[in-house]
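Protein chains in written order, with the numbering used here: chain S, 1 to 432; chain U, 433 to 864.
Just so you know, even glycine gets a beta-carbon here, dropped at the ideal spot from N, CA and C.
There are 2 protein chains.
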Amino acid sequence: MIRPVELIERKRDGGELRAQELEELMLGYARGEIPDYQLAAFCMAVFFRGLTSAETYALMEAMIKTGETVDLRSALGRKVVDKHSTGGVGDKTSIAVGPIVAACGVPFAKMSGRGLGHTGGTLDKLESIPGFRVELSTDELIAQVQAAGMAIVGATADLVPADKRLYALRDVTATVDNYSLIAASIMSKKIAGGAEAIVLDVKVGDGAFMKSEADARMLAQTMLELGRDAGREVVCLLTDMDQPLGRAVGNALEIREAIATLRGEGPPDFVELVLAAGTRLLMVSDLGLDEPDARTRVLQALADGSAVEAYERWVHAQGGDPDEAALPTAPLVRELPAPRAGYIAEIGAVRVGQAALHLGAGRQTKDDEIDHAVGVVCLCKRGDRVAEGEPLCEIHARSEEGAASAARELEAAYVLADEPPAESPVVLDVLA
Amino acid sequence: MIRPVELIERKRDGGELRAQELEELMLGYARGEIPDYQLAAFCMAVFFRGLTSAETYALMEAMIKTGETVDLRSALGRKVVDKHSTGGVGDKTSIAVGPIVAACGVPFAKMSGRGLGHTGGTLDKLESIPGFRVELSTDELIAQVQAAGMAIVGATADLVPADKRLYALRDVTATVDNYSLIAASIMSKKIAGGAEAIVLDVKVGDGAFMKSEADARMLAQTMLELGRDAGREVVCLLTDMDQPLGRAVGNALEIREAIATLRGEGPPDFVELVLAAGTRLLMVSDLGLDEPDARTRVLQALADGSAVEAYERWVHAQGGDPDEAALPTAPLVRELPAPRAGYIAEIGAVRVGQAALHLGAGRQTKDDEIDHAVGVVCLCKRGDRVAEGEPLCEIHARSEEGAASAARELEAAYVLADEPPAESPVVLDVLA
Chain S
1 MIRPVELIER KRDGGELRAQ ELEELMLGYA RGEIPDYQLA AFCMAVFFRG LTSAETYALM
61 EAMIKTGETV DLRSALGRKV VDKHSTGGVG DKTSIAVGPI VAACGVPFAK MSGRGLGHTG
121 GTLDKLESIP GFRVELSTDE LIAQVQAAGM AIVGATADLV PADKRLYALR DVTATVDNYS
181 LIAASIMSKK IAGGAEAIVL DVKVGDGAFM KSEADARMLA QTMLELGRDA GREVVCLLTD
241 MDQPLGRAVG NALEIREAIA TLRGEGPPDF VELVLAAGTR LLMVSDLGLD EPDARTRVLQ
301 ALADGSAVEA YERWVHAQGG DPDEAALPTA PLVRELPAPR AGYIAEIGAV RVGQAALHLG
361 AGRQTKDDEI DHAVGVVCLC KRGDRVAEGE PLCEIHARSE EGAASAAREL EAAYVLADEP
421 PAESPVVLDV LA
Chain U
433 MIRPVELIER KRDGGELRAQ ELEELMLGYA RGEIPDYQLA AFCMAVFFRG LTSAETYALM
493 EAMIKTGETV DLRSALGRKV VDKHSTGGVG DKTSIAVGPI VAACGVPFAK MSGRGLGHTG
553 GTLDKLESIP GFRVELSTDE LIAQVQAAGM AIVGATADLV PADKRLYALR DVTATVDNYS
613 LIAASIMSKK IAGGAEAIVL DVKVGDGAFM KSEADARMLA QTMLELGRDA GREVVCLLTD
673 MDQPLGRAVG NALEIREAIA TLRGEGPPDF VELVLAAGTR LLMVSDLGLD EPDARTRVLQ
733 ALADGSAVEA YERWVHAQGG DPDEAALPTA PLVRELPAPR AGYIAEIGAV RVGQAALHLG
793 AGRQTKDDEI DHAVGVVCLC KRGDRVAEGE PLCEIHARSE EGAASAAREL EAAYVLADEP
853 PAESPVVLDV LA
């Protein structure tokens, strides 16, 4: 039996841990035999010393072994694809991409999480759809993917339980920001969840975990290696999170934007990301398409209405009402006027996320209730030219006080300039 | 109210914490409102980033504020002196120095701890004296110092409770080895305990916390500053812990050696340290002696029998039987013969400490019972010349198996050479 204090000390002093040691550490932790305080010290030592590639892989495998795994290949007889984002502001990509991929005949299954702080969670967004059930058993998940072509569900408690406990611990001990720990956490769930091919969207910028492109590349590279070593196909998109993605930030507002995008009416930056992610998902699927063919199929699914149909089939299968009119709306909508004429040089993603959070769209602590109707719609985006008094964004609020307070936060988020900012794409790079 | 995770993050990123923040952290921890895992992450961040002088002082003050303090000056109307060692193998200095100082008319009061691992604790040693009570109330402590001139007691639960909890946590999270945390821990107890003048014995070498003289100097300097900033007089002795101190290692054996030393029959290295510590204690006492006068008074107390009388008065006052014959003895005494002729080049202090520990003289875990009779007597010390087969040490054991096992450990502790080692003093330096 390992002595956890010796492992902590070795990592603290820059040494390497063996796979067997990391496995005992994680299994002991998941069983409650190794206390939180030893893992907290361990994670802080990892923050300073890092993990080698071998250690990161061993940690991921160890976390997977603390719970159950799903074998979608055996259950469905098909290669199932998954898409995961490291989290940002206004990121409703999976909700649009899933139906596109399903419309193209590729099974899509995703286990997702909830939001905390300024980044929203896909499950929270989906729960703004009346009747939508995010908690499906593994059997229900498989049956739904067979019948409706796709599913997005909450991870069951049995999937990587060590990660759940460890993530909550890292969140309160300032040990989140380490790319080995982030990569092992994300990839353990993806691999335990059974997807064979995964498109990862690694966000970089103000509103993302990874503030610099160098850090984002390091995280992407680490996840690529983990996936490959586990025998999965992985592609990483490096994407911009310096401004909110698309226009809508807030749960029901984002569902509306996803539906609009499936109808071919999405905002340009979001459409760019949806096309890139959809194309990559078809390329790693068992259709075996090359990039031009995959892109053509994605565009076709958007143009011929099959993507919207796939969305309706999916939401319906998961108990929800796919009608846009069924989504909740906020009692008040207020506009924020531009204080002067000029070009929009910046829209601080964190500030917009915080404004939505304070309106009630997110959670400040785990137990907060979410207001699905509220949020922000960025009518203007980076690079747009505005006249003085022209509305920069809409604030969807529960009260006038809430709207006024959000307006102050949003004013600080928008930076206006006389010259247009340099153009920058949403998809910064693709690593495969 | 502070958010602990923000303080952890700031320290992790190399920032500085304010006194008020450290106070809230410690008070919240002592009240059980801030959990162990946040302090574990904090201590590991401190391990890597260190604490500034101001932070170290604030941490010490914050720890003191979590409990009660004793004001010996008001209670006794005298300046009370105290002596503290950072811990080593065979360190029975306080048990000899206390009576010397008391014999010179200077009140001596010390709150002490128990041993864990290869270093023994003064309280454990004293408990080998039949009847000796280490748990005195503050009123009993004061009354005894008034009546018998001195007391050595266990710290009450109310004295720096945050330190007790934090030390236990650091012990299992590999965050002991940081001189700011060590210094704040030691000095918080000394200052809360009420001594106005303190002689600190900072051990350096194989058997000590601080393996290098540079580290020991850093720790000594930190403690000197903390003491002065708190308005106490502090002197640090830097002393050798590369071999056991004196000959005896083990509880009753060490009490016997302390008594022998008070009779003027102590081993040279131990006598050197006792004289140095006694002299410094008289110099910082309200007698206001200079070094030559203080040394003369110490030698006088040893020569005229008053130190032995002070020992007997003290032990008696604290409920113990001062008669050496009352101390427990081990059923077996076995000698370890020198494997060859030569000079003793080294006696590994940790190895001797471990041998005594495994004989039963110490605790491997907090709940272990101690065997007060067993231990090791190093008949020969570093620099001695031995003939082949001449006994290097005595093993005082409970069983033949125990003695044989200890013999193997002790064989590895002794290093013999053809040339005598360079002479080195016990007291390496005095910092004041």
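A600/U to R49/S span [Cα, whole Å]: 24 angstroms
For S306/S, the three-state DSSP class (helix, strand or coil): helix
Contact list for the stretch 156-176 of chain S against chain U, Cβ threshold 7 angstroms: L169, V172, T173, A174, T175
Contact set between the stretch 471-492 of chain U and chain S, restricted to residues whose Cβ is under 8 angstroms from the partner: L471, A472, A473, C475, M476, A477, F479, F480
Simplified DSSP assignment, three categories, for T406/U: Look at the range of chain U in this structure, 433 to 864, and you will see that residue 406/U is not part of it.
Test: V5/S CB closer than 7 angstroms to a CB of chain U: yes
Candidates Q300/S, M111/S, E127/S, E135/S, of which the one nearest E369/S by Cα: E127/S
is_contact[E441/U, chain S] using C-beta, thresh 7 angstroms: yes
Length of the line joining the Cα atoms of P593/U and G626/U: 16 angstroms
R840/U at chain S interface by Cβ criterion, 7 angstroms: no
At least 3 beta-carbon pairs within less than 8 angstroms: the stretch 238-248 of chain S vs the stretch 83-100 of chain S: yes
Straight-line gap, L768/U to A788/U (C-alpha atoms, nearest Å): 14 angstroms
Where the alpha helix (DSSP H) through P593/U begins and ends: 593-603
Same chain, Cβ closer than 6 angstroms to T86/S, neighbours up to 5 away in sequence not counted: V202, K203, F209
Proximal residues to A147/S (C-beta, below 8 angstroms), its chain only, five neighbours per side dropped: A317
Boundaries of the beta strand (DSSP E) in which S137/S is found, first to last residue: That residue, S137/S, is in no beta strand (DSSP E); it is neither H nor E in DSSP.
Distance between beta carbons of K189/S and L237/S, contact taken as under 8 angstroms: About 19 angstroms separates the two Cβ atoms, so there is no contact after all.
C-beta atoms of A41/S and M476/U nearer than 7 angstroms: yes
Pairwise C-alpha distance: G205/S and M241/S: 5 angstroms
Backbone CA spacing between A310/S and P130/S [nearest angstrom]: 18 angstroms
Enclosing beta strand (DSSP E) for I152/S [first to last residue]: 150-154
Minimum Cβ-Cβ distance from Y461/U to chain S less than 7 angstroms: no
Own chain partners of T261/S with C-beta closer than 7 angstroms, once the 5 adjacent residues on each side are dropped: A96, F270, V271, V274
Contact list for D36/S against chain U, beta-carbon separation under 9 angstroms: P467, D468, Y469, A472
A615/U, buried or exposed, once every other Cβ within 10 Å from all chains shown has been counted against 16: buried
Under 8 angstroms by beta carbon: chain U residues contacting R452/S: The question about residue 452/S has no answer, for chain S in this structure spans 1 to 432.
Every unbroken alpha helix (DSSP H) inside the stretch 667-725 of chain U [4 residues or more]: 683-694, 700-716
Residues of its chain near E832/U, where Cβ-Cβ distance is below 7 angstroms and the 5 sequence neighbours each way are ignored: L764
V808/U vs I779/U beta-carbon contact at 7 angstroms: no
L757/U: first and last residue of the uninterrupted beta strand (DSSP E) it sits in: The sequence as given places Ala at residue 757/U; Leu does not occur at that position. A757/U -> no beta strand (DSSP E), and no H or E assigned at all.
For G659/U, the first and last residue of its enclosing alpha helix (DSSP H): 645-661
Selection from V46/S, L392/S, E388/S that minimises the alpha carbon distance to L410/S: L392/S
Start and end residues, beta strand (DSSP E) containing R334/S: 332-337
Y461/U versus P467/U - alpha carbon distance: 7 angstroms
Under 7 angstroms from the C-beta of R795/U: neighbouring residues of chain S: Neighbours of R795/U on chain S: none; closest Cβ ~16 angstroms, over 7 angstroms.
Partner residues on chain U for R18/S, Cβ-Cβ distance less than 9 angstroms: Here the premise fails: no neighbours, minimum Cβ distance about 17 angstroms.
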